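K.L.:
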Amino acid sequence: MSDLRPDLAAIASAIEPGTRVLDIGCGDGALLAELRASKRVDARGIEIDGGCVERCVAQGLSVVQGDADSALADYPDKGFDYTVLSQTLQTARRPDLMLDQLLRVGKQAFVSFPNFAHWRTRGALMLGGRMPVTRSIPVSWYETQNIHHVTVKDFRELAREKNARIEREWFFANEKPVSGAANLRAEFAVFLLSH
Amino acid sequence: MAGASQVLQLTDPLPLDGGGELHGAEIAFETYGTLNDDRSNAILLCHALTGDQYVASPHPVTGKPGWWERMVGPGKPIDTDRYFVVCANVVGSCMGSTGPASEAPDGKPYAMRFPVITIRDMVRGLVALLDGLGIEKLHAVVGGSMGGMQALSLAANWPDRAERVLVIASTSRHSAQNIAFHELGRQAVMADPNWHQGDYYAQESQPDSGLAVARMAAHITYLSEEALTGKFGRNLQDRDTKSFGFDADFQVESYLRYQGSGFTRRFDANSYLYITRAMDYFDLAEEHGGKLANAFAGTEARFCLVSFDSDWLYPTAESRHVVHALNAAGAAVSFVELSAPHGHDSFLLDVPALDRVVKGFIE
Chain A
1 MSDLRPDLAA
11 IASAIEPGTR
21 VLDIGCGDGA
31 LLAELRASKR
41 VDARGIEIDG
51 GCVERCVAQG
61 LSVVQGDADS
71 ALADYPDKGF
81 DYTVLSQTLQ
91 TARRPDLMLD
101 QLLRVGKQAF
111 VSFPNFAHWR
121 TRGALMLGGR
131 MPVTRSIPVS
141 WYETQNIHHV
151 TVKDFRELAR
161 EKNARIEREW
171 FFANEKPVSG
181 AANLRAEFAV
191 FLLSH
Chain B
1 MAGASQVLQL
11 TDPLPLDGGG
21 ELHGAEIAFE
31 TYGTLNDDRS
41 NAILLCHALT
51 GDQYVASPHP
61 VTGKPGWWER
71 MVGPGKPIDT
81 DRYFVVCANV
91 VGSCMGSTGP
101 ASEAPDGKPY
111 AMRFPVITIR
121 DMVRGLVALL
131 DGLGIEKLHA
141 VVGGSMGGMQ
151 ALSLAANWPD
161 RAERVLVIAS
171 TSRHSAQNIA
181 FHELGRQAVM
191 ADPNWHQGDY
201 YAQESQPDSG
211 LAVARMAAHI
221 TYLSEEALTG
231 KFGRNLQDRD
241 TKSFGFDADF
251 QVESYLRYQG
261 SGFTRRFDAN
271 SYLYITRAMD
281 YFDLAEEHGG
291 KLANAFAGTE
301 ARFCLVSFDS
311 DWLYPTAESR
321 HVVHALNAAG
331 AAVSFVELSA
341 PHGHDSFLLD
351 VPALDRVVKG
361 FIE
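Listed in order, the protein sequences are those of chains A and B. Numbering-wise (UniProt numbering), the first sequence opens with residue 1 and increments by one. Numbering-wise (UniProt numbering), the second sequence opens with residue 1 and increments by one.
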């Protein structure tokens, strides 16, 4: 599990063995492959990039090529124990509607995202006066896929509006766990939500 | 017309969707590799409209290599060192299985007395073959184009017979455009004066011109505009200037004429009518109360669908339609749209990404 990105490692360790998991925006299938190997999970994925899907299928993973914004609509209610949306929320056309879908399709939902309120980001904007380009947000404003930047505080508020309960949360900076003052100190956040 | 295929004579009559039964049907098939002791390594390959059982061995009429030799064989993505591969000529065809050219009980060819069959009828024949071979559960069923329809039909109607279902460049229903192209082909055959209402088998001349035109029209639908342009452009055939006549001035014309006439040497015109009809009648949702997801309710098979971005015959949207239904049914499904320039025929041609997907999914 050490090869996984820290947010994915946190998600993998929190998932119960033998469950059904849908990873939305699963990339090259690193999390799915890990869950299948170590937890006997019935792991499925959705990924928009054809090359990534091809590599997933070549590994024997069940991955469907599709757009996270629209593909979820076909899945039945609570068809999965967990849905996973890792570092994709901020790219969704409507993150609020995406969260509705995650909680409809999954009994519980993991959501990870880069925290726009991290002190580096705040500093870059406040002192530099320009859209931040940092370790966690490495792409310039004009070419980034992140169309809805979000902070830890914003996400908590959205979860509250959706009546979603935050079951667990993890925060990371420099690939290490962060405790306390998360909205200022965390580069990345992971939440586990239930309805 | 049949080559050296093995033939299974069905002892039970084959019930047909159109009513009635087909008695004494024969299924001609080829096998590659060895069935293991617990009979768990069998892969059923389903052929396309004008395909046959010669997947990975030379065609007995044309002498050409098998139609999927790039995919099937020792060490190939469908590895015959590991898997027992079965491919049968579908009922209604003309390469050894019972079809309109076969002898009816009265000793004369069925011709148009052959019953109209469906994709599901073809699959009934294939399931009877599996029974005959003692194969209870397939490791996988694999098919492209019409073969994909058979794979879907098998998964929907005999859900316990296959662990994996691989559907390439296919669809769950024929669209109006699909039907329209097939009707064009059928009308070309039936307008040929040598067709004689289908009773041409004893005649000196066969409806070759009509069948060739049907093949030419169909062949265009198998290729992309980009592929045709890349292959032929506006190049002239064996001449420097236009003839101001109606010879095959352009290379693309010459190519289509060659495809058409070559086809008539290996295929029966009536079989072409019956099989295109079966494809036009195919609508998997209609068979299952109008809802495609119902066709796959409770399935435990793993599915993989592959489409090609240049395929306008069965475009990606058709595969997605099936994937949506499988998701709604909670089935384990993979789907990928591969990029390939050749159009619908990409599934038969050199697309390395397809090899990787097939190999990965089968294992």
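From the three backbone atoms N, C-alpha and C, an ideal C-beta is built for every residue, glycine too. Small disclaimer: the values here were computed from a predicted structure and weren't measured.
Taking the C-alpha atoms as reference points, what is the distance between Ala2 of chain B and Val116 of chain B?
P.N.:
Only weak support is given to the placement of Ala2 of chain B: the predicted model assigns it a pLDDT of 39, under 50, and the value that follows is read from those uncertain coordinates. Looking at the two C-alpha atoms, the distance is approximately 22 Å.
K.L.:
Can you pull out the residues from the stretch 37-48 of chain A whose beta carbon lies closer than 8 Å to at least one beta carbon of chain B?
P.N.:
Per Cβ criterion, the list reads Asp42 and Arg44.
K.L.:
Taking the alpha carbon of Arg266 of chain B as the point to measure from, which residue in B:Val7, B:Gly51 and B:Gly33 has its own alpha carbon closest?
P.N.:
Of B:Val7, B:Gly51 and B:Gly33, the residue nearest in Cα terms is B:Gly51.
K.L.:
Could you work out which residue in B:Val127, B:Ser334 and B:Asp121 is closest to Leu138 of chain B when comparing CA atoms only?
P.N.:
With distances taken between Cα atoms, Leu138 of chain B lies closest to B:Val127.
K.L.:
How about Ser254 of chain B and Gln237 of chain B: do their beta carbons lie closer than 8 Å?
P.N.:
It is a contact, given that the beta carbons lie within the stated cut-off.
K.L.:
Given that a residue counts as buried once 16 or more other Cβ atoms are within 10 Å of its Cβ, and exposed if not, what is Met1 of chain A?
P.N.:
At Met1 of chain A the pLDDT is 46, less than 50, meaning the model places this residue with poor confidence; the figure from the coordinates comes in the next sentence. With fewer than 16 other Cβ atoms within 10 Å, it is exposed.
K.L.:
Check whether the stretch 63-73 of chain A touches the stretch 112-132 of chain A, taking contact to mean three or more Cβ pairs, one atom from each stretch, closer than 8 Å.
P.N.:
No, they do not touch.
K.L.:
Shorter than 8 Å from the beta carbon of Val333 of chain B to some beta carbon of chain A?
P.N.:
So yes, Val333 of chain B belongs to the interface.
K.L.:
Identify whether Glu318 of chain B lies in helix, strand or coil by the three-state DSSP scheme.
P.N.:
Of the three classes helix, strand and coil, the one that applies to Glu318 of chain B here is helix, per DSSP.
K.L.:
Between A:Ala186, A:Gly25 and A:Ala173, which has its C-alpha nearest Ala92 of chain A's C-alpha?
P.N.:
For Ala92 of chain A, the nearest C-alpha among the options comes from A:Gly25.
K.L.:
Considering Cα atoms alone, identify which of B:Ser346, B:Arg320, B:Gly343 and B:Ile362 is closest to Ile46 of chain A.
P.N.:
Ranking B:Ser346, B:Arg320, B:Gly343 and B:Ile362 by Cα distance to Ile46 of chain A puts B:Arg320 first.
K.L.:
Between the stretch 41-60 of chain B and chain A, which residues of the former have CB atoms less than 9 Å from a CB of the latter, in chain order?
P.N.:
Flagged: no residues at all.
K.L.:
For the beta strand (DSSP E) holding Gly45 of chain A, just list the boundary residues, first then last.
P.N.:
Note, Gly45 of chain A: beta strand (DSSP E), Asp42 to Glu47.
K.L.:
Give me the chain A residues within the contact set of residue 364 of chain B, using Cβ-Cβ distance strictly less than 8 Å, ordered along the chain.
P.N.:
This structure gives no information on residue 364 of chain B, because the portion of chain B shown stretches from 1 to 363.
K.L.:
Who are Cys46 of chain B's beta bridge partners in DSSP?
P.N.:
Beta-bridge pairing links Cys46 of chain B to B:Gly143.
K.L.:
Please go through the same chain and pick out, in chain order, the residues whose beta-carbon is closer than 8 Å to the beta-carbon of Tyr274 of chain B, but skip the five residues on each side of it.
P.N.:
Around Tyr274 of chain B: Gly92, Gly99, Pro100, Phe114, Val116 and Ile117.
K.L.:
Would you mind sorting His324 of chain B into buried or exposed? The rule is 16 or more other CB atoms within 10 Å of its CB.
P.N.:
Buried is the call here.
K.L.:
Do you know whose CA, among B:Ser307, B:Glu300 and B:Lys242, lies nearest Leu326 of chain B's CA?
P.N.:
Among B:Ser307, B:Glu300 and B:Lys242, the Cα nearest to that of Leu326 of chain B belongs to B:Glu300.
K.L.:
Taking 8 Å as the threshold (C-beta atoms), are Val139 of chain A and Ala189 of chain A in contact?
P.N.:
No; because the gap between Cβ atoms is not below 8 Å, this pair is not in contact.
K.L.:
Taking any Cβ of chain A, which residues in the stretch 297-309 of chain B have a Cβ under 7 Å from it, in chain order?
P.N.:
Flagged, chain order: Arg302 and Cys304.
K.L.:
I'd like the ranges of any beta strand (DSSP E) spanning at least 3 consecutive residues and lying wholly in the stretch 65-130 of chain B.
P.N.:
Correct list: 84-88.
K.L.:
How many angstroms separate the CA atom of Ala176 of chain B from the CA atom of Met146 of chain B?
P.N.:
Near 16 Å, if we compare the C-alpha coordinates of Met146 of chain B and Ala176 of chain B.
K.L.:
Could you check which residue in B:Arg215, B:Ser261, B:Gly330 and B:Ser310 has the C-alpha nearest to that of Ala295 of chain B?
P.N.:
The residue with the shortest Cα to Cα distance from Ala295 of chain B is B:Gly330.
K.L.:
Residues of chain B with CB closer than 7 Å to the CB of Gln59 of chain A, please, in chain order.
P.N.:
By Cβ distance, chain B contributes Gly360.
K.L.:
What are the uninterrupted segments assigned as alpha helix (DSSP H) that are 4 or more residues long and contained completely in the stretch 147-209 of chain B, given in chain order?
P.N.:
Whole alpha helix (DSSP H) segments, 4+ residues: 176-191.
K.L.:
Taking Cβ positions, are Phe263 of chain B and Ala212 of chain B nearer each other than 8 Å?
P.N.:
Yes; because the gap between Cβ atoms is below 8 Å, this pair is in contact.
K.L.:
According to the Cβ coordinates, are Ala12 of chain A and Leu31 of chain A closer than 8 Å?
P.N.:
Cβ atoms of Ala12 of chain A and Leu31 of chain A: closer than 8 Å.
K.L.:
Give me the chain D residues within the contact set of Ser339 of chain B, using Cβ-Cβ distance strictly less than 8 Å, ordered along the chain.
P.N.:
Among the protein chains in the structure shown, which are A and B, there is no chain D.
K.L.:
Do Arg257 of chain B and Ala248 of chain B have their beta-carbon atoms positioned less than 8 Å apart in this structure?
P.N.:
Contact: yes.
K.L.:
Taking only three categories from DSSP, how would you classify Leu4 of chain A?
P.N.:
Reduced to three states, the DSSP call for Leu4 of chain A is coil.
K.L.:
The alpha helix (DSSP H) spanning Thr121 of chain A covers which residue range?
P.N.:
Here the alpha helix (DSSP H) through Thr121 of chain A covers Trp119 to Gly128.
K.L.:
Name the chain A residues that come within less than 7 Å of Ala214 of chain B, Cβ to Cβ?
P.N.:
Going along chain A, no residue has its Cβ under 7 Å from Ala214 of chain B, so there is no contact; the nearest lies around 34 Å.
K.L.:
For Ala353 of chain B, decide whether its Cβ has a neighbour in chain A, counting only Cβ atoms nearer than 8 Å.
P.N.:
Closer than 8 Å: yes.
K.L.:
Assuming Pro77 of chain B contacts Lys359 of chain B (C-beta within less than 8 Å), just tell me the rounded distance between them.
P.N.:
That pair is a contact at about 4 Å.
K.L.:
Rounded to the nearest angstrom, what separates Arg44 of chain A and Asp345 of chain B at their Cα positions?
P.N.:
Cα to Cα, Arg44 of chain A sits roughly 29 Å from Asp345 of chain B.
K.L.:
Going along the chain, which residues of the stretch 11-29 of chain A sit with their C-beta nearer than 8 Å to a C-beta in chain B?
P.N.:
So nothing in the stretch comes that close.
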